[in-house]
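J.: Each residue of the sequence shown is one higher than the one before, starting from 218 at the first, in the working numbering. Every residue gets a Cβ at the ideal spot worked out from N, C-alpha and C, and that includes glycine. This structure is in C-alpha cells; I'll ask about it shortly.
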Amino acid sequence: MFVSLVLLWICVWFIFLQLKPRRPKNFPPGPPVLPILGSILHMSLENPLKDFERLMNTYGNIYSIYIGSKPAVVINGLKAIKEAIVIKAADFAGRPQDLFVNDVTQNKGVILADYGPSWREHRRFALMTLRNFGLGKNSMEDRIHGEIVYIVKTLEESIGSLLSPRVMFHNASSNIICKVLFGTRYEYDDEFIKVIVQCFTENAKLANGPWAMLYDSMPIVRNLPLPFRKAFKNAEVCQGLTTAVLAEHKETRIPGQPRDFLDCYLDELEKRGDDSTFSEDQLIMYALDLHFAGTDTTSNTLLTGFLYLMSYPDIQERCQQEIDHVLADKDRATFEDRHNMPYVQAVIHEVQRIANTVPLSVFHCTTKDAELMGYSIPKGTMIIENLTSVLNEEGQWKFPHEFNPENFLNDQGDFVKPDAFMPFSAGPRMCLGESLARMELFLIIVTLLRKFKFVWPEDAGKPDFTPVYGVTLTPKPYHMKVQLRAGNSG
Numbered sequence: 218m219f220v221s222l223v224l225l226w227i228c229v230w231f232i233f234l235q236l237k238p239r240r241p242k243n244f245p246p247g248p249p250v251l252p253i254l255g256s257i258l259h260m261s262l263e264n265p266l267k268d269f270e271r272l273m274n275t276y277g278n279i280y281s282i283y284i285g286s287k288p289a290v291v292i293n294g295l296k297a298i299k300e301a302i303v304i305k306a307a308d309f310a311g312r313p314q315d316l317f318v319n320d321v322t323q324n325k326g327v328i329l330a331d332y333g334p335s336w337r338e339h340r341r342f343a344l345m346t347l348r349n350f351g352l353g354k355n356s357m358e359d360r361i362h363g364e365i366v367y368i369v370k371t372l373e374e375s376i377g378s379l380l381s382p383r384v385m386f387h388n389a390s391s392n393i394i395c396k397v398l399f400g401t402r403y404e405y406d407d408e409f410i411k412v413i414v415q416c417f418t419e420n421a422k423l424a425n426g427p428w429a430m431l432y433d434s435m436p437i438v439r440n441l442p443l444p445f446r447k448a449f450k451n452a453e454v455c456q457g458l459t460t461a462v463l464a465e466h467k468e469t470r471i472p473g474q475p476r477d478f479l480d481c482y483l484d485e486l487e488k489r490g491d492d493s494t495f496s497e498d499q500l501i502m503y504a505l506d507l508h509f510a511g512t513d514t515t516s517n518t519l520l521t522g523f524l525y526l527m528s529y530p531d532i533q534e535r536c537q538q539e540i541d542h543v544l545a546d547k548d549r550a551t552f553e554d555r556h557n558m559p560y561v562q563a564v565i566h567e568v569q570r571i572a573n574t575v576p577l578s579v580f581h582c583t584t585k586d587a588e589l590m591g592y593s594i595p596k597g598t599m600i601i602e603n604l605t606s607v608l609n610e611e612g613q614w615k616f617p618h619e620f621n622p623e624n625f626l627n628d629q630g631d632f633v634k635p636d637a638f639m640p641f642s643a644g645p646r647m648c649l650g651e652s653l654a655r656m657e658l659f660l661i662i663v664t665l666l667r668k669f670k671f672v673w674p675e676d677a678g679k680p681d682f683t684p685v686y687g688v689t690l691t692p693k694p695y696h697m698k699v700q701l702r703a704g705n706s707g
C-alpha cells in the first residue's frame, strides 16, 4: 500500500513538472509559475497595476509572467520601453493573436492587426485619410468647435444644479470622430450613440478584467456561458449598427467625391479590386477601432482633467488668467494659441500624465527572436508595456507622484515635454489619433475654462482620485457645479 502511494505521488509530481511552463534560456526572471494557471495567483484579477509595480521592485525593469501557459515579458521604465518600441521597433511591433480581444474583434481592424503588409497598408491609408480630412488643419478645428457648442449648451442648462459630465464628454468625443468617419454628428440622446458608447465602455472594462484574464489563461473555458460572452454580444451590436451606416453610404455616395472616411475606403476598395487586404468586413471593424480609440481615451482624459481642476481651484484660476490674456480680443481659441499658453499646456499634459488613460498600452509581441537589455526573448513572446512605470518614474519627473504642472515647466516658466511623456506609447504602433486627441483636449478645455468656473460640490465629500481599471483607466463617477464666469454671460 505504502509503495503504491509513493508511486502515485511520484507520478503526480512528474505530471506536475511536465505541465509546468519553463522559462527559456536567458529569459527575464519572474514569479513562480504554476501548471495551467501560470502566474495568475501573483496578480489581482481586478486591477494588476500595483502587482506589476511590486514585481518590478522584486525582479527589475524587465521581468516575465505567464498568462496560463503563455509567457509574457513586462517592460518598465523609460530606458527599457524606449529600447523595445523605438530603437528596436520592428522586432517588438507585433500583436499577440490568440487573446480575448482578438476573438472579440475577429482579428480584424488596425489596432490589433499583426505587424505585416495588411497592417502597413491600412495604417498608411488611415494616416493619409485623416490628414485629408483636416487632421492638424483648420477644418478639424471647425469640427471640434462645432461640437463644443453642444457641450457649452449642456453646461449652461446645468447652471444652478449638479451635473455628472461623463455622458456629455463621452458623446462629444464620439461625435467628433463620427464626423470624420461617417460625416454625421448625433444628438446626445440618439440611440446610435447611446448604444455604441455603452458597448465601448463595457468592453473596455471586460477586456482587461478578470474574465478576460481567465479566457486567456484557460482556453478550456472559452465556450462556457460566462460573463465574457457579453463582450461578443456588444461587438455584434456595434458591427450591426456600423453595417447599417455603411449600407446607407453605399446607396448615397458618389465615387471619387468622398464625404468622409467610409467613402474614402469604399473608393479605395473599388480601385484595388478583390485581390486586396481591403474589404467591407475589414472596414466595419476598422471604423469601430477608430471610433473606440477616438472616444474612450479622450473622454476619460477630460473627465480626469475637470476632476483635478475642481480639486485644485488655484490651478484652474491661473489657467483662466492665461486664457483671458491670450484670447483677449479673439472670438475663439485656435490650436496655434497653445504656443502662447505655456501654463495651460503644462496643465493639460499633466492631466494626461496623471490620467494614465491606457496604462498597459496595447500588448505587443516579438516579430522575431530579439534581445532586450541583455535578455533573450523568443519570437512570438507577448510584450506588455507598463506605461505607468514611465509616467511616474523617479528621476524623470520633478514631482512623479503628485499632480503638479511644474512637471512640464522649466525654471523660466516655458513649456517643456520630457522624454518620459508617452501616454500614446511610441514607435510605429503609436496611437493613430494622437494629434486629434491633443487638439480636442486643448480646444475643449480652453473654451470651457474661458466661459465657466467648475466647482467641487460642498456636500460631495473629498474627491476620490482612484481610477476604475480596464483597457482604459476611468475616473469614478462624480458631479460638478458649473458657474458662468464674469463677462461670459453671452
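Cβ atoms of W428 and L441: under 8 Å apart, would you say?
T.: No, they are not a contact pair.
J.: Can you have a look at V220 and say buried or exposed, based on whether 16 or more other CB atoms are within 10 angstroms of its CB?
T.: Reliability of the predicted coordinates at V220 is poor, the pLDDT of 41 falling under 50, and the value obtained from them is presented with this limitation in mind. Exposed.
J.: Along the alpha helix (DSSP H) that carries F669, what are the first and last residues, could you check?
T.: From DSSP, F669 is part of no alpha helix (DSSP H) but of the beta strand (DSSP E) over F669 to V672.
J.: Over the uninterrupted beta strand (DSSP E) stretch that includes Y280, give me the two end residues.
T.: That run of the beta strand (DSSP E) goes I279 to I284.
J.: Figure out for me which residue from W336, D407, C455 and V250 has the closest Cα to the Cα of F417.
T.: If we check each option's Cα against that of F417, C455 comes out closest.
J.: Along the chain, which unbroken stretches of the alpha helix (DSSP H) at least 4 residues long are found entirely within the stretch 376-418?
T.: For the stretch 376-418, whole alpha helix (DSSP H) runs of length 4 or above, ordered along the chain, are 383-399.
J.: Flag this pair as yes or no: are the beta carbons of T605 and P635 separated by less than 8 Å?
T.: No, these two residues do not count as a Cβ contact at 8 Å.
J.: What does the alpha-carbon distance come out to for the pair M502 and E468?
T.: Each residue's alpha carbon lies about 20 Å from the other.
J.: Using the Cα positions of K488 and A452, report the straight-line distance between them to the nearest angstrom.
T.: For K488 and A452, the distance between alpha carbons rounds to 29 Å.
J.: May I ask which residues mark the beginning and end of the alpha helix (DSSP H) holding Q537?
T.: Note, Q537: alpha helix (DSSP H), P530 to V543.
J.: Quick check: what's the CA-CA separation for F231 versus V438?
T.: Note on F231: pLDDT 38, under 50, position unreliable in the model; no value is reported.
J.: From which residue to which residue does the alpha helix (DSSP H) around A572 run?
T.: Unbroken alpha helix (DSSP H) run through A572: P559 to A572.
J.: Pull up the CB-CB distance for V607 and L295, whole angstroms please, since I reckon it's below 8 Å.
T.: Confirmed, about 5 Å.
J.: Can you confirm whether the stretch 469-489 touches the stretch 298-314 when touching is taken to mean that 3 or more C-beta pairs between the two stretches lie within less than 8 Å?
T.: Output reads no: the stretch 469-489 does not touch the stretch 298-314.
J.: Mind checking which residues open and close the beta strand (DSSP E) that includes P427?
T.: Not the beta strand (DSSP E): P427 falls in the alpha helix (DSSP H), residues P427 to S434.
J.: Take the Cβ of K615 as the centre, count every other Cβ of all protein chains shown within 10 Å, and call the residue buried at 16 or more, exposed below.
T.: Label assigned to K615: exposed.
J.: Which of helix, strand or coil does DSSP assign to H508?
T.: Three-state DSSP puts H508 in a helix.
J.: For T689, count the other beta carbons within 10 Å of its own beta carbon; 16 or more makes it buried, fewer makes it exposed. Which is it?
T.: Burial call: buried.
J.: Can you list, in chain order, the residues of its chain whose CB lies under 6 Å from that of P645, leaving out five sequence neighbours each side?
T.: A306 and A310, listed in sequence order.
J.: Rounded to whole angstroms, what is the Cα-Cα separation between I540 and L520?
T.: If I take the Cα positions, the gap works out to 20 Å.
J.: Under DSSP, the beta strand (DSSP E) around E588 begins and ends at which residues?
T.: Here the beta strand (DSSP E) through E588 covers A587 to L589.
J.: Below 8 Å on the Cβ atoms is my contact criterion, and I expect V291 with N603 to pass it. Report the Cβ-Cβ distance as a whole number of Å.
T.: The pair is a contact, with the Cβ atoms about 6 Å apart (cut-off 8 Å).
J.: Taking contact to mean at least 3 C-beta pairs separated by less than 8 Å, is the stretch 559-574 in contact with the stretch 582-600?
T.: Verdict: no, contact absent.
J.: Measure the C-alpha to C-alpha separation of F669 and T494 and round it to an integer number of angstroms.
T.: Approximately 48 Å between the Cα atoms of the pair.
J.: Leaving aside the five residues before and after H696 along the sequence, list all residues of the same chain whose C-beta is less than 7 Å from its C-beta, in chain order.
T.: Once the five neighbours on either side are set aside, the close Cβ partners of H696 are L379, L380, S381, P674 and A677.
J.: Excluding the 5 residues flanking A297 on each side, which residues of the same chain have their C-beta closer than 6 Å to its C-beta?
T.: So the list reads N278, I279 and M590, once near-sequence residues are dropped.
J.: With the cut-off set at 8 Å, would you say A550 and V366 are in Cβ contact?
T.: Not in contact: A550 and V366 (Cβ atoms no closer than 8 Å).
J.: Go through its chain and collect everything with a Cβ distance to A448's Cβ below 6 Å, but skip five positions before and after it.
T.: Contacts found: V321, N420 and L423.
J.: Can you tell me where the alpha helix (DSSP H) holding K467 begins and where it ends?
T.: Per DSSP, K467 belongs to the alpha helix (DSSP H) from R446 to T469.
J.: Tell me the rounded alpha-carbon separation between D308 and Y405.
T.: If I take the Cα positions, the gap works out to 43 Å.
J.: Measure the alpha-carbon distance for G630 versus V685 and round it to whole angstroms.
T.: Answer to the nearest angstrom: the Cα atoms are 34 Å apart.
J.: How about G511 and I394: are their beta carbons less than 8 Å apart?
T.: Yes.
J.: Any idea if G490 is buried or exposed, counting beta-carbon neighbours within 10 angstroms, 16 or more meaning buried?
T.: Flag for G490 reads exposed.
J.: Could you give the C-beta distance for Y276 and P313, rounded to a whole number, given that I count them as a contact under 8 Å?
T.: At roughly 21 Å, the Cβ-Cβ gap does not stay under 8 Å, so Y276 and P313 are not in contact.
J.: Going by DSSP, which residues form a beta bridge with G311?
T.: DSSP output for G311 lists C582 as bridge partner(s).
J.: Determine whether the beta carbon atoms of L479 and F409 lie at a separation below 8 Å.
T.: Contact: no.
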